[in-house]
Each structure stands twice: as C-alpha cells, then as structure tokens.
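Protein chains in written order, with our numbering: chain W, 16 to 333; chain Z, 54 to 340; chain S, -13 to 243; chain L, 15 to 247. All C-beta atoms, glycine included, are put in the ideal place defined by N, C-alpha and C. For clarity, every value in this text was computed on a predicted model and none was experimentally measured.
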Amino acid sequence: MFQSIYLRKYCPVCILIIILILLPLFSSEYVKVVAMQIFIFGVFAISYDILLGYTGIASFGHAIFFGTGAYVTALLMLKSGFSFWATLPFVVIGCAVIGLLIGLLTLRFATIYFTIVTLALGQFCYFLLTNALTYQYTGGDDGLHGLPMILQTKNQMYYLAFAFLLVIFFLAKKIVSSPLGTTLVAIRENEFRAKMIGYNVLNYRLIALVISGIMAGLAGSMNAAILRSVFPGFMGAGTTIDVILMTILGGMGSLLGPVIGAALVIICQQYLSSYFEWWLMIFGIIFVLVVLFLPQGLISIFYRFRVKKILSRYEIKD
Amino acid sequence: MTSQLFVNILLSALSLGVIYFLLSSGFALVFSLLRVSNFSHGSLIMWGAYLGVYLVKALSNFTLGLVVSAVVIGIILALVEFFLFRRLYGGNPLFELLLTFGLIYILDEAVKLIWGAAMITVDKPLFLQGTVMIYGEPFAILRLYIFGLGAFICAALYFLLNKTKLGLIITAGIENKEMVRALGININKVFTFVCWLGGFLAGIAGFVLAFFTGLSPEMGTNQLLNVLVIVVVGGLGSFMGAAIAAIIMGLAEAFLGFYLPELAILSSFIVMFIVLGIKPSGLLGEE
Amino acid sequence: MSETQQKFILRTVDLKKSFGKQIAVNNVSLDICTGEFVSIIGPNGAGKTTFFNLITGAFRPDSGSIYFKDQDITRVKEFNRVQMGMARCFQITNVFPHISVLENVRLAVQAKSKHRYRLFINTDKLKELTEYAYYCLEVVQLKNLASHLAVSLTHANQRKLEIAIQLASQGELMLLDEPTAGMSAEEVPGIIEVVKDIRKKEQKTIVMVEHKLNMVLSLSDHIAVMNYGALIAYGSPHEIQENKDVQSAYLGRKVNP
Amino acid sequence: MNILEMHEVHTFIAGFHILEGVTLTAEHGKLTILLGRNGSGKTTTIKTIMGLTPAGSGEILFQGKAIQKMHDFEIPWLGISLVPEGRDVFSQLTVEENLLIAVRKGKNITKQRLDYIVNIFPPMKDLFKKKGRNLSGGEKQMVAVARALVNDDELLLIDEPTKGLAPIMVESMRLALAEIKKNATIILVEQNFEFASSIADDFLIMEHGKIACGGKIGDLINNEEMQHRYLGV
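Below is the structure:
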C-alpha cells in the first residue's frame, strides 16, 4: 500500500519528464527555445523561492545575481577565451561575494529594508551596465553578442538545460529538507524563538541569500550560453518582476510551484501577448487574487485536490 | 564657480527637492500609519499626471482640474484600502507589499488602455510660462510655483499632523491601535482617510511631475525607486525624515549633475549608501 | 577557582535595568548554585520577567554584570548564550506554529549539534537528532502527538512543547518563565509532574518564575523574592514563608520600618 | 440597581477558551473589585466588556442595554472608560494631548473637569507639557486614570493601577480612587489585596475563567480561609 502511494505520487512527474525528454523529437525550433527559457527561469524561480518562500525575505533585486552570472560568463568567454564550464567557478564566487555584501549591508535590519535596498541596488547595477563609463566592456544597451556555441546542436542544448533544471531541483529539494533548510523555515515562522534556541539568525539568512544567489547566477550564465548573447535587461527590474510573478503565482514555499509559475508566465508572455494587448492587466488581477485568496499559489489547489483524492480513496478501502 | 551660478544651481536643486518631497510624502504617510509599503504609489503618481492633465483640459480650469484629479486618485487608494488591505492587516506584511505590487500592473495597463502607450508632451499653462530674474539669472516661474505648492502642502500636513485632533489620533494610532479604539475612536475610518490623503498627495505630485517628464506609462514606476530611496534614507515611518531626505536628494542630484554629469543618475544611490552606511535606520528613523 | 565552578552556575552582580524612568530591575545580585532548583516569586510587575530577559540576553542591562559558569556573559549575544548551555521557556507560548511537534523539538536539538549548517542531507536521516527529540517528547508526554502541527495543540500541550523544546536545547541551566501560565487547574498537575520528572532524570539547574505558591514551595530548594525590581529575600521555602517582608510584599502592606 | 451585568460570557483568544462562562453584576455607584490569580481571566473580562476581545457567546448588559455585539469603538460612547493594564499612555503625545484625544463628541475639555482632575492628582498640573515617553511609571498611571476621567463617564474599568508602583505611589492612588468613587462606578482589577480591600465595596473572585464567588468586601476580609484558598495569601 505504501508503495502504491509512492508510485501515485511520482507517476505524474515521471510522465511529465518522459514527455519533456521526447519533446525535441517532434517540436519546432520555437517551442524548443520557449521550453529552454522555461527551464532556465524555472531554476531562477526556484532560487527565488528559497529566499522568499523558505526564508521569508523578499528581494526586489534578484536579477542582480542573474545578470551577474550572465555577464561574468559572457565577458570571460568573449574577452578571455574561457570555455563555458571554466567560467562557472567565477560565477559561483562572484554571486557568493555579492550575496554576502548585500546581506551584510541590509539583513541586520527589518526585512523591508532588504526589499527596498535590493530594489535600489538592482537599478544601480542596471545603470552601471548601461553607463557610458562601462560601455567598452559591457556593450551598454546593446549587450554582448556572439558567444561561442557550447554544444553542437539545439537538441543537445535543450537536454543540457533540462538536465540543469532537474539537477538544481534535486539539489534544492535536498537543501530544504536538510538541517539548514528546516532552520530557515523555523526562522521564517518565528525569528525570535529561533534565536532563543541558539540559532544565529543572521548567518542563516546570509547563507540562504548566498545559495539563492549562486543558483540564480548559474541560471543567468546558462541563459547567456543558450541565447549566445547577454542584454542589460537581464539585470533590470523587469527580470526581477518576472521571477516574483512566477514564484507567487506558482506557489511559494514549494519547489515545484515556481517551476510551474515559470512555465505559466513564459507561455503567457510568448503566446497571450500577441492576442491581447492588455494581458498584463489580467495578469495583475490574477496576481492580486492569488495574494488575497491563494497565498500558497496555484499549486496549492492541486495539492488540496490530490490530498482529498488520496484520502477519499483510502477511506473507501477502509 | 560664480556665486550667480551657485545660486542658480541651488535654486533648481531645491525645486527638485520639493518635487521629490511631493512624490514621496504620500508613501511616507501611508507607511507611517498603516505599515504598508505601497509599491503602487508610483502608478498612482502616473494616474495623477494623466488624469490631472486630462481634467484641466476638460474643465478648462487649472486649479479645479488639479484638485478634482487628486481627490479621485485619493478615492482609488481609499477603495483599495477598504476592499483589499483590510483583509490582510495583522498577517505577514509581505502580502500587503505583494498586493500593491500586483496593483501596479492593473493601474499601468489601465492607463495604456485609456490614453495609449505613447509619450505625450504637456504644455505649461500660460501663467506658468516664462522666467523671472533672480540674482541676475533667469529662473522659471513654474519652479517658483512648485516652491509655493510644496511649502503650502508641507505646512498643511504639518498643521494636520501636529495641530488637529486627527493628527493626534494618527500619531497615537501608529503607537497603539487598541488603546485608540478603547477611547471610542473608529481607527478604521482613520486608516481609510490616511490612504485617501496618500493618494491625494500622489495625485498632486503626479500632476506637477507631468510638466517635467511629460506623460508616459513608465513615468510612475520610474519614480517609485526615487520615492523608496528617499523614504529609506529619511527613516521608514518618519514623515519629517522623508522631507529632509527629499531636499538632500535634490541637492545631491543637482550638484553632482553639474560636476560629474555621468554620475548624476546614480546620485540617489550614492546618498543612500552613505546614509545607510553611517546610520542604518535612516536619518530620523528609530532603531 | 574550580571550587566556585562547582558551586555557582549563574551569578548576577548589581544588575540594573530601567525603561525610561521606571526601574524594572534594581541592583539584583543573585548567585545560583549548580544543580539547584530556585524559584523567583513576587507580585505582578516586580521585574521577574525583565530579570529573565537580562539573563537570557533579550535586553542589555544598564549596569552590572552576569556570569555564567564563571564567564562574563554580559555582552554575549542571546544565541551564543544558548550555545553555552542556557535554555529558556517563555511565559507567552512561543513555538513554531506551522511546523510539526517533532520538528519543533528537533530544531532545538539540531541547534546544538554539529550538523546544524549541513546542506545536503535529509534531516530524517540524522537518527540521533530524531531519537533525542522523541526522548524529549516522551519526557513531557507528547510523543503520541509528534506528527501534529504545533498550532493544533491545546494550550496545555503547547506549554509542554515549550518545555520539550527547552529540554532539547540540552542546557545545564533551564529557565522556566511561568510554566503553568494560562492553564486550567486540571492541567497544572501534569506540568508539575513533568518538571519533577526532569529534575529526577536530568541533572539540571532550574530557575523558575511562578505564581502558584503551592507548586513553588513543593519544588524549590531556594526561593528568591522580588518586589519593585529589587531582591527582597532569598532562602529556603521555610524561611521565606516566615519572612515578614515577603508577607507584606504579597499583601501589599508597606514595609514596616 | 446594576449598572453592568454579564451572563454566561465565553471569550476565545486565538482559539484558547479564556472566559468559560462569566456571570457577574456590578452595582451602580459601588467600587467592585475583581480578584484572582494570574491567568484567571480578569484582564480578559475587562477587555471583553470593552469589546476589545469580543465575547464569543453570552450577554453583556450596560444599564440594561445589550452591548456584546457592538463594535469596540462604539462602546466607550455609552459612558464607559478603560484604564488598561499596561497604562498605554501615548508616548509621542504630551500629557495634555493624551487627555485631549480622549475627549468625545468633539467638545473641548471644560475648565471644571480639568480642575477636578488636577484636584484628584495634584502632581498633574506640572506635567501637561511633558511627552508621554518622559513620564515615570507612577506619572503614567496618573495620566492613564486622568484620561479615563475627562468624559465624566458612568463606569470606569481600571486594570491593576498599582502594578509596579512604589508604596508611596500606591498610597496616593488609593486616595485618588477613593475620591473618584464618589462620582462614578468603578470595576477594579487588582492583585494587591491589601490595597483593594481598603477601598472596595464589593468583591468578585475569578478562577479559571469563571467567577468563583462574590459578595461584600467585609465578608472576604473576615474570611481568612477564603483568602487563602483563592488568593494564596
């Protein structure tokens, strides 16, 4: 009986994975590109969820990490001739350092400071990228283009991005059920009590920010590799807003939610925007309704439904 | 630098500071009583600009158009408080913040639907055109007008918050809502009023802003960042702090713009990092 | 030196704290011997909870110092004090509401373990943590509710959970702030039993603030009495019962000249 | 005549059953004292009357009128004032403003009323311009009581006015309450039995969210067994 619950729990996920593995065989190039974007923003949204959903602090400048990752990779590949894989350690280190700096500057105080300061920092970084002083390095508004291909075919890139999502999802799953992850949730629930059983709250928040930053940075460099170009928009407010939408709509505090949110937002952006001029307004209304009535996101409907179904099934058997 | 030039820069710095004050005052007011960081404040500013310009034209009366549009913007925020914020009080403040964030989309898209996404330039009314000579340098009458408006609103708010019973209730309500209710005061009504006032101030600020930036659907969100930085620098919850921070921002932007034009756009960040580095709770914020 | 180490686990020297002009704790010097059960009593507003907050580090004293195991901890942060071996339960129930009872306790065990910063291991696989958490729940008779959310427990059970969390912190010094606050009469004996149990099974020093005098008199080795922020008496339960100052503090008569 | 009656009032706070059926009456013009140990529900009873922690079920009658369904901010208008346990003097306002904010019906505070208050608390006359945060504990308590007096209400609910006060302040509070009692009905929550018994007319003892017993204060003073049983003295 236990095994059957287990199977039932993972059955839909397995089917989905198989569909996604087979997808490139019968889909157009465009669908593949959209799918890759979903995988990458899925990772980005997972990283954001670790911060917002599990640690309970809202960053409005999360694109800083995404942009940093993308630009570090692009610059090292273009200017220093590094291979893509060789740039990743630099991305990790860079994002970790930025996360530590931001955290030390703001996390000591009320978390609303963190929100506002990260928003300002995000814009600051965006201006830095597009400033005349840095034009020769960053390409200003145009961004950087012509990154070398890292794999031969589109299909290979697709599988790489998909594997990337699976690996990060698996790692994130590990992290949130680890001692550190449970502590983060405890701090979110009751910061004072966490302090009083001996946790250094600041350290934990810093670690969460760094982990989240590194994941977002890796998503950024992967995005750079796939698009073979980087744009200052990667670091702009728009990117942050996208990731907030994905996480809230999908459901914060559950790792699967943000991925679903990412799929939803990107599909809407790609398809809906050509039909409705005012689709963003509908998005806004849905967003407000979700915050008011479904604070755990769209995925909570699914969970409720499934719990009921499983329960009713066993009630009948008993 | 000649003293003439200095005075000129100083005056434009101050008028910039006054605009910043107008832009951030509504946010600071709502935050200090309701503890809601109203991220849709920028969008309300934009609505104030569009609606104000439209009404001035439609009513062909400058003051009436300005006041009516500000009142309407106030009503929008009051309705939002009444129907939406009220469900979230006492919970995680994150959700109020996210809610106002969602409102940005609705407000911004509504403007695009009604007035279109294209940029619209705004002509100054006749009586605000032209310049006067101050200290031998020309100075725009519009800026003088803004000085007057800023001084009037600052004085009116000071009077309201410090000299009226409503001000007492607001000050007391920030500290202890339960006791205020136990004195027989319906604090919910006060909340709604404060939101109305916050929206009203956003409406006026937006209208003034329209003369400088013209009308565009991005104008509000562009200003949101300035507003947030000013409020953080002033100290969250401190109304006077926001006023001082606004003036400092104006000064920094104007003088930095003169000496190092490339960095002018970063001036507010520079001020923010300096202030938060020295006093993390902001200029007048409590620890 | 080693002798004093044996003797006093906690010493406060001229501890003073005021809020504005109101002096909440006034020059309190209290030495607590290792292994003892000490109760602090006093009328409402006498400064007992503030005194606790000073010991655990939630407030900084205006003057005076605190020694824990002969180390000056006056300036040590609260979480470090817990790491040094202090554990506290709260007067107002203060648990992690939307987390299971077991997880609540395990978090406290984990805070003291070397695994607390580990990233890539499932907490359920750390058997020794889970086992110790179960043991703590067993002591407070909550084992059968381990999988429930903390928020769904009754008030009395939440108080027990508080004590379990505190027990799981493995502190040598336990500070109990009104363990029976807000409980109905039928529930109080359960808590007394739990506290007695802990006394018997674990060699811990316990400091308790409590209003229920029967409980205080039956459990304590020594009783400290506070009034108007000052320590007015310290002694065995018998001495305290006989003490004139204490009687007047509780009855509200002015202290006889 | 009873100014206040409660019948089988149950109150829940955050799911906890705090008042488990409180039934009490307070006589007009008398000072009724509410005794009981910590956590027995005294403060909750007061807050339930004021509507701050609304009654889940039961009936509260003020001068014969049911008030349990009214909003918290409507109840004071009937003529009830509260002196809360934590004093809750607004720290950002001056003492004068603290009194002004309590004035109802948009009226100004009359000179007479002010004189009456200063007469009860003579030290008040030097405090008017001081901010709430600069007051000592005793001064705050004075302001909190004075704030409840500005409207000349029928019923005053006073929660532990002697908490944490020095003996000399307790004595002046006793004198003040004796004076106030002449013009108003008072329900007083108190832990300090000696203080309370010296000014009360009637008493009520609470235990586990219920009224355990009540009567004339003289009966309680003479009944040491009852004192010991309920109050632990």
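Counting only the same chain and skipping the five closest in sequence on each side, list residues whose C-beta sits under 6 Å from that of residue i.
{"i": "residue 98 of chain Z", "result": "255, 258, 259, 273, 276"}
{"i": "residue 132 of chain W", "result": "121"}
{"i": "residue 282 of chain Z", "result": "321, 325"}
Who are the near neighbours of residue i in its chain, counting only those whose CB is closer than 7 Å to its CB and skipping five residues on each side?
{"i": "residue 195 of chain Z", "result": "177, 181, 264"}
{"i": "residue 136 of chain W", "result": "76, 79, 117"}
{"i": "residue 88 of chain Z", "result": "146"}
{"i": "residue 181 of chain L", "result": "none"}
{"i": "residue 242 of chain L", "result": "none"}
{"i": "residue 39 of chain S", "result": "45"}
{"i": "residue 188 of chain Z", "result": "57, 60"}
What's the call for residue i, buried or exposed, on a 16-neighbour Cβ count within 10 Å?
{"i": "residue 167 of chain W", "result": "exposed"}
{"i": "residue 258 of chain W", "result": "buried"}
{"i": "residue 330 of chain W", "result": "The predicted position of residue 330 of chain W is uncertain, since its pLDDT is 44 and thus under 50; no value can be drawn from it."}
{"i": "residue 238 of chain L", "result": "exposed"}
{"i": "residue 254 of chain W", "result": "buried"}
{"i": "residue 249 of chain Z", "result": "buried"}
{"i": "residue 172 of chain W", "result": "buried"}
{"i": "residue 326 of chain W", "result": "In this predicted model, residue 326 of chain W has a pLDDT of only 49, less than 50, meaning its place in the structure is not dependable; the value taken from the coordinates is given anyway. Exposed is the call here."}
{"i": "residue 80 of chain Z", "result": "buried"}
{"i": "residue 71 of chain Z", "result": "buried"}
{"i": "residue 20 of chain L", "result": "buried"}
{"i": "residue 59 of chain Z", "result": "exposed"}
{"i": "residue 84 of chain S", "result": "exposed"}
{"i": "residue 79 of chain S", "result": "buried"}
{"i": "residue 25 of chain W", "result": "exposed"}
{"i": "residue 259 of chain L", "result": "The displayed coordinates of chain L run from 15 to 247. Any statement about residue 259 of chain L would go beyond what the structure contains."}
Return the bridge partner residues of residue i from the DSSP annotation.
{"i": "residue -3 of chain S", "result": "S/17, S/53"}
{"i": "residue 77 of chain S", "result": "Bridge partners of residue 77 of chain S: none, in fact."}
{"i": "residue 227 of chain L", "result": "L/219"}
{"i": "residue 220 of chain S", "result": "S/210"}
{"i": "residue 162 of chain S", "result": "S/75, S/194"}
{"i": "residue 11 of chain S", "result": "S/3"}
{"i": "residue 158 of chain L", "result": "DSSP lists no partner for residue 158 of chain L."}
{"i": "residue 173 of chain Z", "result": "Z/268"}
{"i": "residue 80 of chain L", "result": "L/75"}
Could you spell out the range, first to last residue, of the alpha helix (DSSP H) harbouring residue i?
{"i": "residue 56 of chain L", "result": "56 to 64"}
{"i": "residue 94 of chain Z", "result": "94 to 112"}
{"i": "residue 249 of chain W", "result": "It is not in any alpha helix (DSSP H) - residue 249 of chain W carries neither H nor E in the DSSP assignment."}
{"i": "residue 202 of chain L", "result": "Note, residue 202 of chain L: premise wrong, no alpha helix (DSSP H); beta strand (DSSP E) at 199 to 203."}
{"i": "residue 40 of chain L", "result": "Premise fails: residue 40 of chain L lies in the beta strand (DSSP E), 30 to 41, not in any alpha helix (DSSP H)."}
{"i": "residue 336 of chain Z", "result": "First-last for residue 336 of chain Z: undefined, no H or E at that position."}
{"i": "residue 227 of chain Z", "result": "218 to 228"}
{"i": "residue 57 of chain Z", "result": "56 to 87"}
{"i": "residue 294 of chain W", "result": "294 to 308"}
In terms of residues, what are the limits of the beta strand (DSSP E) holding residue i?
{"i": "residue 213 of chain S", "result": "208 to 213"}
{"i": "residue 24 of chain S", "result": "23 to 27"}
{"i": "residue 191 of chain Z", "result": "190 to 193"}
{"i": "residue 18 of chain L", "result": "16 to 27"}
{"i": "residue 76 of chain L", "result": "71 to 76"}
{"i": "residue 50 of chain L", "result": "45 to 50"}
{"i": "residue 184 of chain Z", "result": "184 to 187"}
{"i": "residue 173 of chain L", "result": "169 to 173"}
{"i": "residue 96 of chain L", "result": "94 to 97"}
Who are the near neighbours of residue i in its chain, counting only those whose CB is closer than 8 Å to its CB and skipping five residues on each side?
{"i": "residue 216 of chain L", "result": "40, 41, 44, 45, 46, 47, 228, 229, 230, 231"}
{"i": "residue 305 of chain W", "result": "263, 264, 312, 313"}
{"i": "residue 83 of chain Z", "result": "89, 91, 94, 130, 247, 248, 251"}
{"i": "residue 103 of chain W", "result": "88, 233, 236"}
Whole alpha helix (DSSP H) elements within the region 112 to 148 of chain S, 4-residue minimum: Listed in chain order, the complete alpha helix (DSSP H) runs (minimum 4 residues) inside the region 112 to 148 of chain S are 113 to 125.
Only counting runs of 4 or more residues, tell me where the alpha helix (DSSP H) segments fall wholly within the region 149 to 228 of chain W, in order along the chain. 150 to 153, 169 to 191, 194 to 204, 206 to 211
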